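Novice: Sequence lines, in order, name chains W and C.
Per the working numbering, the very first residue in the first sequence carries number 23; after that it's consecutive.
Per the working numbering, the very first residue in the second sequence carries number 2; after that it's consecutive.
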Amino acid sequence: MKPFTYERATTPAEAAAAVVRQPGSRFIAGGTNLLDLMKLEIETPAHLIDVNGLKLDTIEPTPDGGLRIGALVSNTNLAADQGVRRDYGVLSRAIVAGASGQLRNKATTAGNLLQRTRCPYFYDTNQACNKRRPGSGCAAIGGYSRQLAIIGTSDACIATYPGDMAVAMRLLDATVETVQPNGAARTIPIADFHKLWGKTPHIETALTNGELITAVTLPRPLGGTHVYHKVRDRASYAYALVSVAAVIQRDGTGRVAIGGIAPKPWRVEAADHAMPQGAKAVASRLLAGAKPTHDNAFKVPLVERTLAAVLAETRAA
Amino acid sequence: MKFDTPAGQNPIDQLKVVGRPTDRIDGKFKTTGTAPYAYERHDVAPHQAYGYIVGSAIAKGRITSMDLSAAKAAPGVVTIVSTLDMPKLPVSKRNIAPLFGGAEIDHYHQAIALVVAETFEQARAAANLVRVQYARTPGRFDFAALAPTAPLEGGSSGEGSGAPPVDRVGNFEGAFAAAPVKLDATYTTPDETHAMMEPFASIAAWQGDKVTVWTSNQMITWAKEDLAKTLSISADNVRIDSPYIGGGFGGKLFLRTDATLAALGAKASGRPVKVAMQRPLMINNSTHRSATIQRIRIGATRDGTITAIAHESTSGNLPHGKPETAVSQTKLLYAGANRLTSMRLAVMDLPEGNAMRAPGEAPGLMALEIAMDEMAEKLGMDPIDFRVKNDTQVDPEKPERKYSQRQLIECMRQGADRFGWSKRNPKPAQVRDGQWLIGMGMAAGFRNNMLTKSGAKVSLDHRGVVTVRTDMTDIGTGTYTIIAQTAAEMMGLPIDRVVVLLGDSDFPASAGSGGQWGANNSTAGVYAACIKLRETVAQKLGFNSGDVEFSGGKVRAGNRSVALGDAAKGGDIHVEDHIEYGDLGKQYQQSTFAGHFVEAAVNAYTGETRIRRMLAVCAAGRILNPKSARSQVIGAMTMGVGAALMEELAVDKRFGFFVNHDLATYEVPVHADIPHQEVIFLDEADAISSPMKAKGVGELGICGVGAAIANAVYNATGVRVRDYPITLDKHLDRLPAIA
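Structure (structure tokens):
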């Protein structure tokens with residue numbers, strides 16, 4: 023870990039401005055991912071701006087019947103919120119499928135969205151990684167890639183977005199609210215928030231320098247049955263091999279988003295339209311153009327089978 | 002005391018303290034954080050500096066240059082010890098990979114420097130400023146590619162299992178060819194790591210030419226000898242102290258980099274230095290259980306009598322390394338007139354393969370006990386009946402050697418009753434529970450019992466308190482408690498009148514902790530010392546030692562009763578003795594046995610396997626403390642779940658290293674994976690083993706578990722997976738059609 027300086031911000035605009043003032047700054051909230059990366063010198067911020075005091079930790083209804091989740095609401099509180107559990111069950115279920123109780127107590131809504139990949143070559147600083155050092159190459163390609171992405175990858179990077187919460191948010195068509203260093207607010211649809219790697223895998227989100235997430239807004243509830251089915255080698259405390267977030271209506275229509283297979287929560291609207299036709303039809307649309315490796319080719323059938331499990335579960339319920 | 006005839010009646014047989022479920026006497030210290038582990042020994046030496054290890058970024062080649070200038074100039078840096086400062090250090094006989102010194106790189110994350118600074122954070126920051134240039138040379142990293150041409154190689158695990166390059170009885174090939182029912186199948190087990198909670202950690206301090214190392218090590222005498230050899234100093238100048246150990250599983254049997262570099266760093270900086278190996282270095286820097294490819298052939302008559310059995314295993318290791326002795330148990334476990342075992346060893350450039358909990362038997366049984374299940378199915382027999390049919394009460398290779406005790410049949414029969422084995426549907430893939438396919442499986446467990454010399458010193462003071470000193474270690478196993486129970490039983494005291502001090506090389510040399518030999522041998526050593534103390538006490542108190550009774554803190558004979566402490570009125574009494582063994586171990590085959598039972602659920606859609614319940618019935622001689630023994634067995638069963646379902650070091654065959662080298666990516670079971678475990682110990686006492694009549698259990702618990710799980714998975718799905726771990730991708734495309 024490199025030495026760094028530290029300050030506490032008191033307003034979102036002040037925090038955003040502070041980042042620009044000090045080159046090499048990063049925001050810190052729960053720190054569950056950033057501190058680990060700093061210890062390994064994968065992240066080497068010169069300055070940390072603690073945003074925990076910004077009072078962005080409430081969950082409130084929006085005028086159009088949705089929910090506005092403050093950036094600093096902990097994963098624990100978000101998953102336990104009555105309104106979330108009643109109207110957005112898939113979000114609550116996705117959150118509790120991730121990490122551990124201790125981590126969810128510390129982790130925040132905005133921080134979780136920004137969780138970085140768990141690709142083992144990204145974590146091993148002896149290895150080439152275009153995320154860590156743009157242009158150095160990708161040791162994961164041709165290496166051990168069981169956990170890595172099967173779709174949306176590029177010749178520069180095959181890492182996976184590791185989170186669960188964002189998969190549910192993608193399913194729910196959430197919107198990310200931010201404030202920029204000049205004080206201007208903007209909203210980013212979650213579909214556009216995480217970037218495909220392309221030639222620039224070190225650029226992971228749509229956020230610009232200094233831009234601070236202030237909230238995530240959910241649209242009006244969808245009704246239906248909410249499912250989050252996470253598949254993994256052990257029963258807890260493991261990243262998804264594949265996860266399926268789904269909301270399914272009584273008439274068999276619905277929508278689905280997949281975790282563990284792509285640089286971002288993976289949703290294809292055309293696949294949603296195929297929901298009444300069953301898992302095979304949906305999966306083939308979701309995974310059109312997939313380029314799995316030898317190690318992770320099993321994720322292709324696994325997506326379809328997990329989706330079939332979800333549909334069966336929903337029918338049974 | 003030499004133990005060369007079977008034990009008769011002795012004071013341990015009273016079982017007032019021994020044999021009773023007893024809380025660990027160190028438990029309160031560990032649960033309250035007052036048992037200091039090696040890295041926390043802040044008080045033992047003042048002014049400690051912090052060392053941070055730099056590991057090699059390549060797996061094979063040499064260092065061409067190392068630039069330390071930026072690191073040396075970093076804040077707080079005291080000194081940097083570079084591998085280029087010295088020639089390759091002597092390699093002790095128990096290490097294979099060199100620990101430090103010279104420019105040659107033999108494996109990934111080999112230590113190449115220690116940065117010593119005032120704080121841990123400063124040392125870490127400076128370590129990242131060390132700039133190293135390497136010249137890579139090609140390495141041998143692809144085990145599957147190397148295995149077919151690997152030469153024959155015999156060897157011993159050093160932990161009670163071993164086999165020659167080729168071992169034959171009768172005519173295997175002829176009998177196998179003639180057998181009406183036969184199996185020829187190949188099984189693989191992956192590289193595995195110990196993944197103990199406490200990392201390698203040491204503090205070293207020099208006084209003149211003497212060094213003291215406060216460390217975390219299973220084998221104190223080995224550590225002392227091997228550190229002396231590595232540093233080219235006299236063993237008399239080395240003191241090792243390791244009273245508390247946060248898990249080892251074989252990873253801490255040997256001198257490792259932490260102790261070596263702490264000593265070198267302390268020498269270079271002229272002050273005490275502490276070193277904890279960083280978690281990401283733990284796996285590639287140290288030893289691991291080597292992957293195996295195992296071919297098993299079994300031939301039988303139609304009534305299920307084995308007529309031919311062969312087990313051939315290939316593993317890989319560094320040059321001069323030893324094989325994983327996976328065929329060892331097959332020499333002993335089942336009858337059969339015509340037998341063959343062989344081992345091959347591929348020379349590789351991955352990190353060192355060495356002992357991990359039940360080396361040999363653990364991976365060997367993972368293969369053999371699936372083969373037995375497959376064979377039983379071919380014969381149309383119940384898997385237990387097939388094993389019973391081929392039980393042997395003698396060493397099948399040397400029938401004149403009887404087993405000292407062998408109750409494998411009882412383990413399996415009792416386990417079957419307790420587990421509800423009769424409810425198992427022998428036809429696979431028949432039982433459903435919602436989305437889950439349900440199956441039951443069983444396997445035999447087998448692990449040898451090792452006899453090895455072990456010493457102790459016992460002291461008595463005027464208050465009647467007995468203090469035991471031995472360099473024995475407690476690696477989380479409950480050793481403190483069983484030693485206290487032994488001394489209490491021998492001296493007629495409650496357990497709280499016994500003090501146990503362990504892990505200091507100034508104490509008498511003991512068996513140490515490994516190969517599940519610790520409990521029986523270390524307590525037998527304490528027994529020997531206590532016999533001597535009883536004689537000394539009786540003599541001091543003027544008793545004729547033949548008919549003296551020690552109980553309730555008193556020494557009695559006839560009508561006379563004296564407080565035990567009175568013997569030490571004139572000053573503390575100290576006696577020392579050890580247990581050593583005659584040839585009972587040669588005359589008799591001494592082993593421990595288990596019947597493992599598992600119910601597993603496999604998701605019909607996703608192929609995920611989740612354990613529902615587990616049972617182990619163990620026959621392992623006298624159980625000294627049923628509570629800590631149970632903890633050992635359930636821990637080993639848990640480790641068996643890991644081996645069966647998730648643990649695998651992933652090899653990067655291009656760059657030659659284990660990629661998943663942290664606890665996030667090397668998965669071991671979590672609580673949610675282990676819903677229900679039960680352990681039953683058969684009521685045994687093996688008088689041929691030692692005066693304690695005990696054996697080991699800590700490794701028996703893992704032996705066979707993996708196969709019991711594999712067999713349960715097969716019973717659930719009808720898909721046989723022969724390559725561990727049984728992750729969902731191994732059977733996903735072959736699962737029964739979803740209804």
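Just so it is clear, CB atoms sit at the ideal spot from N, CA and C, and this is done for glycine as well.
These numbers come from a predicted model, not from an experiment.
What residues in the stretch 123 to 141 of chain C bring their beta carbon closer than 8 Å to a beta carbon of chain W?
Specialist: Cβ contacts with chain W: 125, 126, 129.
Novice: Using three-state DSSP, classify residue 285 of chain C as helix, strand or coil.
Specialist: Helix at residue 285 of chain C.
Novice: Please report the distance separating the alpha-carbon of residue 281 of chain C from that of residue 335 of chain W.
Specialist: Each residue's alpha carbon lies about 40 Å from the other.
Novice: Might you give, ordered along the chain, the residues of its own chain that have their beta carbon closer than 8 Å to the beta carbon of residue 739 of chain C, omitting 5 neighbours on each side?
Specialist: Within the same chain, residue 739 of chain C has close Cβ partners 605, 606.
Novice: Excluding sequence positions up to five away, which residues of its chain have a Cβ less than 6 Å from the Cβ of residue 620 of chain C?
Specialist: Here the set comprises 408, 412, 594, 683, 685.
Novice: I'd like to know if residue 297 of chain W contacts chain C, where contact means its C-beta is closer than 8 Å to some C-beta of that chain.
Specialist: It does not: the Cβ of residue 297 of chain W has no partner Cβ on chain C nearer than 8 Å.
Novice: Helix, strand or coil, according to DSSP, for residue 531 of chain C in the structure here?
Specialist: Reduced to three states, the DSSP call for residue 531 of chain C is helix.
Novice: Measuring straight from C-alpha to C-alpha, what distance separates residue 268 of chain W and residue 114 of chain W?
Specialist: Their Cα atoms are separated by approximately 13 Å.
Novice: Would you list the one or two residues that DSSP bridges to residue 239 of chain W?
Specialist: Beta-bridge pairing links residue 239 of chain W to W/90, W/197.
Novice: Taking residue 153 of chain C as the reference, give the member of C/161, C/585, C/166 with the closest Cα.
Specialist: With distances taken between Cα atoms, residue 153 of chain C lies closest to C/166.
Novice: Mind checking if residue 324 of chain W is an interface residue toward chain C, Cβ cutoff 8 Å exclusive?
Specialist: Output row for residue 324 of chain W: interface = yes.
Novice: For residue 318 of chain W, name the three-state secondary structure that DSSP assigns.
Specialist: It is coil, neither helix nor strand.
Novice: Should residue 203 of chain W be flagged as near chain C, meaning a C-beta pair shorter than 8 Å?
Specialist: Cβ-Cβ to chain C under 8 Å: no for residue 203 of chain W.
Novice: Nearest by alpha-carbon distance to residue 273 of chain W: which of W/259, W/29, W/245, W/287 is it?
Specialist: It is W/245 whose Cα lies nearest to the Cα of residue 273 of chain W.
Novice: Compare the C-beta of residue 165 of chain W against all C-beta atoms of chain C and say whether one is closer than 8 Å.
Specialist: Yes, its Cβ sits closer than 8 Å to a Cβ of chain C.
Novice: Could you have a look at residue 379 of chain C and say whether DSSP puts it in helix, strand or coil?
Specialist: DSSP places residue 379 of chain C in helix when its eight states are reduced to three.
Novice: Restricting to Cα atoms, I'd like to know which of C/616, C/653, C/601 is closest to residue 146 of chain W.
Specialist: Residue 146 of chain W has its Cα closest to that of C/653, out of C/616, C/653, C/601.
Novice: Please state the DSSP three-state secondary structure of residue 448 of chain C.
Specialist: It is a strand residue.
Novice: How close, in whole Å, do the beta carbons of residue 349 of chain C and residue 318 of chain C come, if the pair is a contact with beta carbons under 8 Å?
Specialist: So it is a contact: roughly 6 Å between Cβ atoms.
Novice: Taking all protein chains shown into account, decide if residue 28 of chain W is buried (16 or more other Cβ within 10 angstroms of its Cβ) or exposed.
Specialist: Under this definition residue 28 of chain W is an exposed residue.
Novice: Going by DSSP in three states, residue 186 of chain C sits in which element: helix, strand or coil?
Specialist: DSSP places residue 186 of chain C in strand when its eight states are reduced to three.
Novice: For residue 60 of chain W, return the contacting residues in chain C, with the cut-off set at a CB-CB distance below 9 Å.
Specialist: Near residue 60 of chain W there are no residues of chain C at all, since even the closest Cβ is about 10 Å away, more than 9 Å.
Novice: For residue 72 of chain W, which residues does DSSP report across the bridge?
Specialist: Answer is W/30, W/50.
Novice: Could you give the residue range of the beta strand (DSSP E) that holds residue 598 of chain C?
Specialist: Here the beta strand (DSSP E) through residue 598 of chain C covers 592 to 604.
Novice: If I follow the unbroken beta strand (DSSP E) through residue 682 of chain C, where does it start and stop?
Specialist: Run containing residue 682 of chain C: 678 to 682, per the beta strand (DSSP E) assignment.
Novice: Under DSSP, the beta strand (DSSP E) around residue 1 of chain C begins and ends at which residues?
Specialist: Residue 1 of chain C is absent from the structure shown; chain C starts at 2 and stops at 740.
Novice: For the 8 Å Cβ check, are there 3 or more pairs between the stretch 240 to 248 of chain C and the stretch 189 to 204 of chain C?
Specialist: In short, these stretches touch, since the Cβ pair count reaches three.
Novice: Output, in sequence order along the chain, the residues in the stretch 641 to 668 of chain C whose CB is closer than 8 Å to any CB in chain W.
Specialist: Answer in chain order: 646, 647, 651, 652, 653, 655, 656, 660, 661, 662, 663, 665, 666, 668.
Novice: How many whole angstroms separate the CB atoms of residue 183 of chain C and residue 300 of chain C, which I take to be in contact at a CB cut-off of 8 Å?
Specialist: With 8 Å as the limit, residue 183 of chain C and residue 300 of chain C qualify as a contact, their Cβ atoms being about 4 Å apart.
Novice: Quick check: what's the CA-CA separation for residue 732 of chain C versus residue 106 of chain W?
Specialist: Taking the straight line from one Cα to the other gives about 37 Å.
Novice: CB residue 207 of chain C to CB residue 267 of chain C, shorter than 8 Å?
Specialist: Going by C-beta atoms, residue 207 of chain C is nearer than 8 Å to residue 267 of chain C.
Novice: Can you tell me which of W/229, W/222, W/213, W/218 puts its alpha carbon nearest to the alpha carbon of residue 203 of chain W?
Specialist: Per the Cα distances, W/229.
Novice: So which residues on chain W does residue 288 of chain C lean against when the C-beta distance must stay under 9 Å?
Specialist: In chain order: nothing, as chain W lies at least about 20 Å away.
Novice: Give every residue of the same chain whose Cβ lies closer than 8 Å to the Cβ of residue 302 of chain C, excluding the five residues on either side of it in the sequence, and list them in chain order.
Specialist: Answer for residue 302 of chain C: 180, 181, 182, 308, listed in chain order.
Novice: Go ahead and pull the three-state DSSP assignment for residue 433 of chain C.
Specialist: Correct three-state label for residue 433 of chain C: strand.
Novice: By the three-class DSSP mapping on this structure, what secondary structure does residue 659 of chain C have?
Specialist: Of the three classes helix, strand and coil, the one that applies to residue 659 of chain C here is strand, per DSSP.
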